[in-house]
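Protein chains in written order, with the UniProt record's numbering: chain A, 1 to 461; chain B, 1 to 461.
Just so you know, even glycine gets a beta-carbon here, dropped at the ideal spot from N, CA and C.
Given the structure is predicted, the values throughout are model-derived calculations rather than measurements.
Structure first, then comments.
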């Protein structure tokens, strides 16, 4: 059966309406914008719109455009997930990553609070001096440094998790932990549920491992919709679900306690693995929620995290606590990279046990609070912005623009000026969120960054 | 069809004879040893032996045992490879790895030449100080540090390879590079040819990735038999071949130039990927052979290596030069771990460009030469030893014992005394090389290690 081009557009817009991302009364993007964005002829776009009108989902208003009708807007509050598809990632992402700026407005830095980093480097150097010649002829235990894992266990104990050092394996960052978790729980063709919008790195992994993705609508405030996940899991064989209950990217949502319980009950009933991405926990601006892992009774939750967001992206030290998959994960870690660098791990352990890490987080919290407020003040002045939630953690703002805006096009324009943003298209495998962008407040607002912000503001007005 | 137990033993012994690993006149292991080693009843072993006798491969000598006949020994010089099988690795390996001693006699160290390491640490520390706050908020380019890759390119230029920094991707060690290479070239069920005996880490990878392995006989002097590889590739769909032409483990073989050319011609004819493990190049005791990659005309050779054997196992810095698979490899690196630690890479680059790495290698060469001679002198005194080749690189001796010896049993006995060896069974997925062991001369012979050596000698006499 041949699928006509108008049908693809019709389905896409219908989905946005039915899922509640376009509300009753919202104006659709103009015909011109739809033509450009989807590379379609005007006649094709008009045909799709007239079909939506015939279905009663939209209504044309003369000289103004097409609007979502009351009937089109969802009756139920539960957004419906779409069927699983082969994961495919926007080619923009590689472009963005290779510019080393996936988390930033502009490459280059200055003005950062580096006190913590200097203390960390001193700890690592001390360990290097102390162990000179003691470790260069050995590979570390594939699980990683015992003293670092003890520190990790103690930190999770403070967040209600009864874990010991034996429950942790050190990894090359959180992305590496997510990779190991998917390798241990899924095989090619399996269905994995993810947040939508959600972390592009997870989508990349699914694509690489030939997994099918099912995108579960996620709210900027409360995270993944457990009702939508339930609908999906009852209909399709969900093998694993990647969820970030604590300041998920891009919007910094925190999953409320009742939803967490409901989520784990569902995982039990439907027997899927829970891959918890906890990487933003230590970016909390006020309080740090406990991890989902705390409520895990059956070893079903695989906890993944790293120091990349809270301390340094250059350490490449993360961890995984794999519950019932722990042995398989250890085997995978061993086979794919043998071991982790011991001197860096032990330096980190010393840095944490000294109290230097906690002091660093306290200083950082203050900076991040100021930096987020500064960004918010700017963004609110941009006329194209229709909504932005104020997050309590997570390093970024998730900014909704008018439906006509296309942030992938904006990305290309800004790139020419040396400014990098994360366009909404990165956060889904479908052509969603094209009128959203994610901006980081991880860096201090030096002149260079300030100017980048002005450039974006100008292009958006 | 039911396979009888005697058949498995019969096939195994027949293969050893036909492949030339048991020569005319060699005595087979005793009936008692065969019973114990294969967990078989005496009647089953005797039945297998009588069938081999009927085939004319062995002959019984009264009160002495079974001997390989002239007829049984191979007429052709080409050992025949066995059919591909699902890769399975000895569970001993995990035991060995978790004791952090895969390369050593005893855990713990002392007396090592650490001058190079101290200079390296200083370089890393300098870079850390210099870039304080410059990199902790960024992920490195997924390809890795440009200045380190430039140094790598220059080193390979000295070995005849015209590569630039753009041809390299930095990885988490050589094991990680091999993993990426297999992910980029094979999918589950594909057939991969490896050296036999060969690197256990490669076998682990094949098992993990559900690949089929075909073991190609490898000689302690000249490495993989290209004739045997040709037989295999003509009969089975070999997708990739992992080869270590430069001081392969366990025996330190170097593939001669004519064999290299023949090998690459075969790869071209049969269209398989060549994964070159070059990790032992810088352990050369006298001269460093050029890599196979030098002769690669069609981007078919994926070069993998790291600093783990020549400088420090704790750096976890390796590299890959992927030829026609470079883009896929970069994507895989990005997806599975985002980036590598920049400060360590740049510290290494400085260490190399200063000339400190070459000085380190020169000092190390001297030590390794002495250490290998010391080990050789000991090993030659052990009565159970029937053969040991003197390698010109590679950090280990591959020691052949009398056929009755079972080094897996020896491993367990030694483990109780805190001494670790690498038993022959690790170097094949079949029950081969059970009367071989690999011993390392990577460490200086301090008292602790000297004592470990005596314990082995006593158990072997």
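Which chain A residues are close to residue i, counting only those with a beta carbon under 7 Å from its beta carbon?
{"i": "residue 128/B", "result": "121"}
{"i": "residue 145/B", "result": "None at all; the shortest Cβ gap to chain A is about 11 Å."}
{"i": "residue 63/B", "result": "Per Cβ cutoff of 7 Å: no residues; residue 63/B is ~47 Å from chain A at best."}
{"i": "residue 450/B", "result": "Under the 7 Å cutoff, chain A gives no residues; its nearest Cβ is about 16 Å from residue 450/B."}
In the DSSP assignment, what residue or residues form a beta bridge with residue i?
{"i": "residue 440/B", "result": "396/B"}
{"i": "residue 275/B", "result": "242/B and 302/B"}
{"i": "residue 70/A", "result": "Answer is none; residue 70/A lacks a bridge partner."}
{"i": "residue 224/B", "result": "218/B"}
{"i": "residue 401/B", "result": "385/B"}
{"i": "residue 65/A", "result": "61/A"}
{"i": "residue 170/A", "result": "319/A"}
{"i": "residue 248/A", "result": "253/A"}
Our contact map puts residue i next to residue j with C-beta atoms below 8 Å; I'd like the distance itself, whole angstroms only.
{"i": "residue 50/B", "j": "residue 425/B", "result": "In fact, because the Cβ distance is near 27 Å, the residues do not count as touching under 8 Å."}
{"i": "residue 216/B", "j": "residue 81/B", "result": "5 Å"}
{"i": "residue 493/B", "j": "residue 261/B", "result": "Not covered by the structure: residue 493/B. The range shown for chain B is 1 to 461."}
{"i": "residue 375/B", "j": "residue 283/B", "result": "Not really, about 14 Å apart at Cβ, beyond 8 Å."}
{"i": "residue 273/B", "j": "residue 300/B", "result": "6 Å"}
{"i": "residue 276/B", "j": "residue 304/B", "result": "6 Å"}
{"i": "residue 256/A", "j": "residue 288/A", "result": "Between residue 288/A and residue 256/A the Cβ distance is about 15 Å, and since that is not below 8 Å, they are no contact."}
{"i": "residue 348/B", "j": "residue 148/B", "result": "6 Å"}
{"i": "residue 332/A", "j": "residue 183/A", "result": "5 Å"}
{"i": "residue 146/B", "j": "residue 165/B", "result": "6 Å"}
{"i": "residue 24/B", "j": "residue 68/B", "result": "5 Å"}
In terms of residues, what are the limits of the alpha helix (DSSP H) holding residue i?
{"i": "residue 173/A", "result": "173-185"}
{"i": "residue 87/A", "result": "No alpha helix (DSSP H) holds residue 87/A; DSSP gives it neither H nor E."}
{"i": "residue 369/B", "result": "356-379"}
{"i": "residue 255/A", "result": "No alpha helix (DSSP H) holds residue 255/A; DSSP gives it neither H nor E."}
{"i": "residue 6/B", "result": "5-18"}
{"i": "residue 24/A", "result": "Looking at the DSSP string, residue 24/A is not in any alpha helix (DSSP H), and its letter there is neither H nor E."}
{"i": "residue 201/B", "result": "200-208"}
{"i": "residue 457/B", "result": "447-459"}
Could you name the residues of chain B that residue i contacts, counting a contact when the two beta carbons are closer than 7 Å?
{"i": "residue 420/A", "result": "Ordered by position in chain B, no residue passes the 7 Å Cβ test against residue 420/A, which lies about 11 Å from the chain."}
{"i": "residue 341/A", "result": "314, 315 and 316"}
{"i": "residue 172/A", "result": "172 and 337"}
Would you kindly report the start and end of the unbroken beta strand (DSSP E) that includes residue i?
{"i": "residue 216/B", "result": "212-219"}
{"i": "residue 387/B", "result": "385-388"}
{"i": "residue 195/A", "result": "191-196"}
{"i": "residue 419/B", "result": "From DSSP, residue 419/B is part of no beta strand (DSSP E); its letter is neither H nor E."}
{"i": "residue 321/B", "result": "318-321"}
{"i": "residue 60/B", "result": "58-61"}
Near residue i, what residues of its chain come up, given a Cβ to Cβ distance below 6 Å and the 5 sequence neighbours on each side ignored?
{"i": "residue 315/B", "result": "307"}
{"i": "residue 29/B", "result": "403 and 404"}
{"i": "residue 407/B", "result": "423, 424 and 437"}
{"i": "residue 116/B", "result": "360"}
{"i": "residue 1/B", "result": "Because the pLDDT at residue 1/B is just 45, under 50, the model does not fix this residue reliably, and the value given afterwards should be weighed accordingly. Correct list: empty, nothing qualifies."}
{"i": "residue 388/A", "result": "379, 397 and 399"}
{"i": "residue 186/B", "result": "211, 239 and 240"}
{"i": "residue 351/A", "result": "120, 123 and 357"}
Please list, in chain order, the chain B residues whose beta carbon lies closer than 8 Å to that of residue i.
{"i": "residue 199/A", "result": "Going along chain B, no residue has its Cβ under 8 Å from residue 199/A, so there is no contact; the nearest lies around 12 Å."}
{"i": "residue 175/A", "result": "335, 336, 337 and 338"}
So, at 8 Å on beta carbons, what are the nonlocal neighbours of residue i in its own chain, with the 5 sequence-adjacent residues on each side left out?
{"i": "residue 460/A", "result": "382, 383, 384, 385, 401, 405 and 410"}
{"i": "residue 236/A", "result": "83, 84, 191 and 214"}
{"i": "residue 9/A", "result": "34, 38, 40, 44, 45 and 48"}
{"i": "residue 162/A", "result": "none"}
{"i": "residue 441/A", "result": "368, 371, 372, 374, 375, 395, 396 and 397"}
In chain B, which residues lie with their C-beta within 9 Å of the C-beta of residue i?
{"i": "residue 179/A", "result": "335, 336 and 337"}
{"i": "residue 204/A", "result": "331, 334 and 335"}
{"i": "residue 346/A", "result": "In chain order: nothing, as chain B lies at least about 10 Å away."}
Please return the same chain residues whose Cβ sits closer than 7 Å to the Cβ of residue i, not counting the five positions on each side in sequence.
{"i": "residue 323/A", "result": "296, 299, 300, 301 and 302"}
{"i": "residue 75/B", "result": "Unreliable positioning characterises residue 75/B in this predicted model, as indicated by a pLDDT of 45, which lies under 50. A coordinate reading is not provided."}
{"i": "residue 5/A", "result": "40 and 44"}
{"i": "residue 458/A", "result": "none"}
Nearer than 6 Å: is that true of the beta carbon of residue i relative to any heavy atom of the ligand GTP?
{"i": "residue 7/B", "result": "As for the ligand GTP, it is missing from this structure, which has no ligand bound."}
Taking C-beta pairs closer than 9 Å, name the residues in chain A that residue i reaches, listed in chain order.
{"i": "residue 297/B", "result": "Per Cβ cutoff of 9 Å: no residues; residue 297/B is ~29 Å from chain A at best."}
{"i": "residue 86/B", "result": "Going along chain A, no residue has its Cβ under 9 Å from residue 86/B, so there is no contact; the nearest lies around 15 Å."}
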